[in-house]
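For the sequence shown, our numbering gives the first residue as 92, with consecutive numbering after it.
Glycine is no exception: its CB is placed at the ideal position from the N, C-alpha and C atoms.
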Amino acid sequence: MNVQMYMISVKGTLTEDTSREIQRFVRKCGGLILMSTQTGPLVALSDEQAAVVANHSLVGFMGPVHLNPRGLAAGHLQQIFAENLSKQLIIEDRGDGEPAS
Numbered sequence: 092m093n094v095q096m097y098m099i100s101v102k103g104t105l106t107e108d109t110s111r112e113i114q115r116f117v118r119k120c121g122g123l124i125l126m127s128t129q130t131g132p133l134v135a136l137s138d139e140q141a142a143v144v145a146n147h148s149l150v151g152f153m154g155p156v157h158l159n160p161r162g163l164a165a166g167h168l169q170q171i172f173a174e175n176l177s178k179q180l181i182i183e184d185r186g187d188g189e190p191a192s
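Set out below in structure tokens:
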């Protein structure tokens with residue numbers, strides 16, 4: 092399973108409701124939300140599920156994104172991505188009160 096970053100822009104005007112709906116659908120498809128933008132979310136998604144998300148009725152455009160890790164804002168973007176991912180990941184409980192390692 093190959094996972095990539097994708098930029099999504101919505102059909103028409105982006106509202107809080109359309110943004111939430113697309114983000115929920117991405118999560119339902121096993122993807123993660125890296126960041127929200129003025130045109131739509133930046134997501135991490137498997138190649139297999141990308142076509143499914145791209146065909147959602149609210150998606151106007153979806154394409155892969157590649158960031159330069161040495162770029163001027165790379166460190167700041169990585170921090171934003173990490174903060175947003177930490178809110179979405181569930182740490183499994185082993186049943187003894189200690190999180191799984």
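Residue state for Ser137 is assigned as strand, using DSSP reduced to three classes. Beta-carbon to beta-carbon, Asn93 and Asp138 are separated by about 5 Å, close enough to satisfy the 8 Å threshold. Looking at the DSSP output, Gln95 shares a beta bridge with Leu136. Per DSSP, Leu125 is not a residue of any alpha helix (DSSP H); the beta strand (DSSP E) it occupies stretches across 123-127. Gly154 sits in a strand when the DSSP states are folded into three classes. Between Gly154 and Lys102, the C-beta spacing is not below 7 Å.
In the DSSP assignment, His167 falls within the unbroken alpha helix (DSSP H) covering 165-177.
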